[in-house]
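Undergrad: Quick note on numbering: the sequence shown equals residues 54 to 396 in my numbering.
A virtual CB, placed ideally from N, CA and C, is assigned to each residue, including glycine.
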Amino acid sequence: MSATASIASRNVRDTLTIAVGHTGDHAAVVVADERTELSRILLRAYRECLPGARFIAFDDAATEAVTAAFAELRENDLVVLIQSTVFRIPEVRIRVELFRRGIKVIEHSNLERIGSDENEHYVAALAYDPAYYRGVGHALKARMDAARSARIESDGETLHFDSALEPAKLNVGDYSGLKNVGGQFPIGEVFTEARDVESVNGRVKIYGFADTSFRLNVPDAPITMVVERGRVVDALRSTTEFDRVLGLIQADEGQVWIRELGFGMNRAFSRDRRVADVGAFERVCGVHLSLGARHGVYKKPNFNHREVRYHVDSFVVTDRVLLDDDVVYADGAWAPGADPSAF
């Protein structure tokens with residue numbers, strides 16, 4: 054067994070037992086393809102950790118067989134989806150339907166976007182440290198919910214959020230009190246947005262963004278976004294692809310809003326330890342901002358959710374993050390030493 058495969062088994066076991074709390078008292082179904090090296094690594098790990106589970110090869114099975122297997126499950130049973138793309142079953146939104154029935158879901162999707170040289174980063178990001186994620190995550194949420202302002206210091210530039218923040222949402226593997234258990238993995242994020250979206254002003258540097266192929270695009274040098282009243286009004290030292298992204302948003306929405314303020318917590322990812330799939334990489338330890346008016350979690354009266362289209366993640370060169378006047382991120386970590394008491 055390779056080192057990556059061994060780490061995958063260990064991290065998958067912790068995800069199953071600690072994060073989602075799966076036990077042998079409940080059934081499990083694993084639906085997987087084997088189109089990519091990473092999907093095969095994960096499949097082997099789940100076979101080792103779930104010897105009593107039912108395994109279905111999606112590429113070989115009829116969709117009726119998959120839906121029939123799901124139909125046999127009961128509340129608190131588990132479904133694992135290992136997808137090189139995203140599984141399509143006509144007229145069924147898999148995760149939504151399973152959550153509606155109280156079934157736990159672990160989803161690994163769009164694995165084909167991840168290169169073989171990135172597999173170890175993805176596998177490492179599945180590690181689950183409950184003291185860190187739950188301790189620091191809840192402490193950070195409490196500070197975010199109480200803050201009257203936020204500030205991001207970014208390689209000589211500063212972006213100001215001169216308003217209170219929306220109640221923060223946690224994605225830290227703690228589902229107590231929540232209706233749904235599970236989601237897309239890797240995990241590790243606390244996110245919010247400004248209550249007054251027009252309170253966001255200043256400049257911020259980004260080292261990466263989701264491009265039109267839905268992959269992480271990392272320019273040779275950071276791009277400086279100029280923000281006025283919550284809108285990106287200029288991009289200094291931009292690239293052709295970033296201009297294309299901004300142009301698409303402007304063409305369809307008229308302007309480029311900043312909505313999500315995301316605090317990624319996953320220490321396996323960094324500016325230098327990346328994966329191309331933005332859905333996974335958005336957990337990277339540091340700050341990410343969404344570009345575009347779409348943010349379904351927080352409803353704002355001036356945004357019609359039926360008309361907005363874009364939620365494009367961008368990744369910030371982050372030196373420090375301050376909530377009010379208190380530093381909550383510095384030297385590449387949330388709360389120095391990852392100690393909740395530091396908040």
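Whose CA, out of ASP384, ALA329, TRP310, ARG320, lies closest to the CA of LYS353?
TA: The option with the nearest alpha carbon to LYS353 is TRP310.
Undergrad: Could you check if LEU151 belongs to the surroundings of the ligand SAM, using beta carbon to heavy atom distance under 7 Å?
TA: In terms of ligand content, the structure shown is empty, and the ligand SAM therefore cannot be addressed.
Undergrad: Confirm, please, whether the CB-CB distance from SER162 to GLN410 is below 8 Å.
TA: Given that the chain is displayed from residue 54 to residue 396, the structure contains no residue 410 and the question cannot be resolved.
Undergrad: Take SER169 as the anchor and find which of ALA329, LEU193, PRO104, THR120 has the nearest alpha-carbon.
TA: Closest option to SER169, Cα to Cα, is ALA329.
Undergrad: Based on the DSSP output, what are the partners of GLY261 in its beta bridges?
TA: Bridge partners of GLY261: PHE368.
Undergrad: Residues bridged to ALA288 by DSSP?
TA: ALA288 pairs with MET278.
Undergrad: Per DSSP, which residues does VAL250 bridge with? Please list them.
TA: DSSP lists no partner for VAL250.
Undergrad: Can you tell me whether DSSP reads GLU219 as helix, strand or coil?
TA: GLU219: coil per DSSP, three-state reduction.
Undergrad: Shortest alpha-carbon distance to THR32 belongs to which of ARG326, ARG312, GLY155?
TA: This structure leaves residue 32 out entirely; the chain is present only between 54 and 396.
Undergrad: Let me confirm a value: HIS75 is counted as buried when at least 16 other C-beta atoms fall within 10 Å, else exposed. Which label applies?
TA: Result: buried.
Undergrad: Taking Cβ to Cβ, would you say GLY345 is nearer than 8 Å to VAL365?
TA: Result yes, Cβ atoms of GLY345 and VAL365 sit closer than 8 Å.
Undergrad: Could you tell me whether the Cβ atoms of TYR175 and VAL225 are closer together than 8 Å?
TA: No, these two residues do not count as a Cβ contact at 8 Å.
Undergrad: Under three-state DSSP, which class holds THR120?
TA: Of the three classes helix, strand and coil, the one that applies to THR120 here is helix, per DSSP.
Undergrad: Who are the near neighbours of ALA327 in its chain, counting only those whose CB is closer than 8 Å to its CB and skipping five residues on each side?
TA: Correcting the residue identity first, residue 327 is Arg in this sequence and not Ala. The residues are GLU171, HIS174, GLY261, LEU269, VAL271, PHE334, VAL337.
Undergrad: Would you say ILE109 and ALA122 are within 8 Å of each other, going by their C-beta atoms?
TA: Contact flag set, yes.
Undergrad: Going by DSSP in three states, ARG66 sits in which element: helix, strand or coil?
TA: The answer is helix: DSSP assigns ARG66 an H, G or I state.
Undergrad: Hey, quick one: how far does the beta strand (DSSP E) through GLY235 stretch, first residue to last?
TA: Per DSSP, GLY235 belongs to the beta strand (DSSP E) from 235–237.
Undergrad: Quick check on DSSP: helix, strand or coil for HIS174?
TA: In the structure shown, HIS174 sits in a helix (DSSP, three-state: H, G or I).
Undergrad: Quick one: measure Cβ to Cβ for ARG290 and THR265, integer angstroms, because I've assumed they're closer than 8 Å.
TA: Wrong, their Cβ atoms sit about 20 Å apart, outside the cutoff.
Undergrad: Buried or exposed: which applies to ALA118, given that a residue is buried once 16 or more other Cβ atoms fall within 10 Å of its Cβ?
TA: ALA118 comes out exposed.
Undergrad: GLY315 lies in the beta strand (DSSP E); which residues open and close that run?
TA: First-last of the beta strand (DSSP E) with GLY315: 311–317.
Undergrad: Under a three-way DSSP split, which group does LEU179 fall into?
TA: Looking at LEU179 - three-state DSSP - the assignment turns out to be coil, as it is neither helix nor strand.
Undergrad: Only counting runs of 4 or more residues, tell me where the alpha helix (DSSP H) segments fall wholly within the region 315–367, in order along the chain.
TA: The qualifying runs are 331–334.
Undergrad: Out of VAL374, ALA388, LEU131, SER207, which one is the CA nearest neighbour of LYS157?
TA: Nearest option by C-alpha distance: LEU131.
Undergrad: Can you give, in chain order, each stretch of the beta strand (DSSP E) that sits fully within the region 186–210 and has at least 3 residues?
TA: Segments of the beta strand (DSSP E) lying fully in the region 186–210: 203–207.
Undergrad: List the residues that DSSP assigns as beta-bridge partners of ASN224.
TA: ASN224 is bridged to GLU242.
Undergrad: Which residues does DSSP list as the beta-bridge partners of PHE214?
TA: Bridge partners of PHE214: ALA203, VAL253.
Undergrad: I need the straight-line Cα distance from PHE316 to VAL380, nearest angstrom please.
TA: Those two C-alpha atoms are separated by around 13 Å.
Undergrad: Alpha carbon to alpha carbon, what distance is there between SER252 and THR293?
TA: When rounded, the distance between both Cα atoms is 29 Å.
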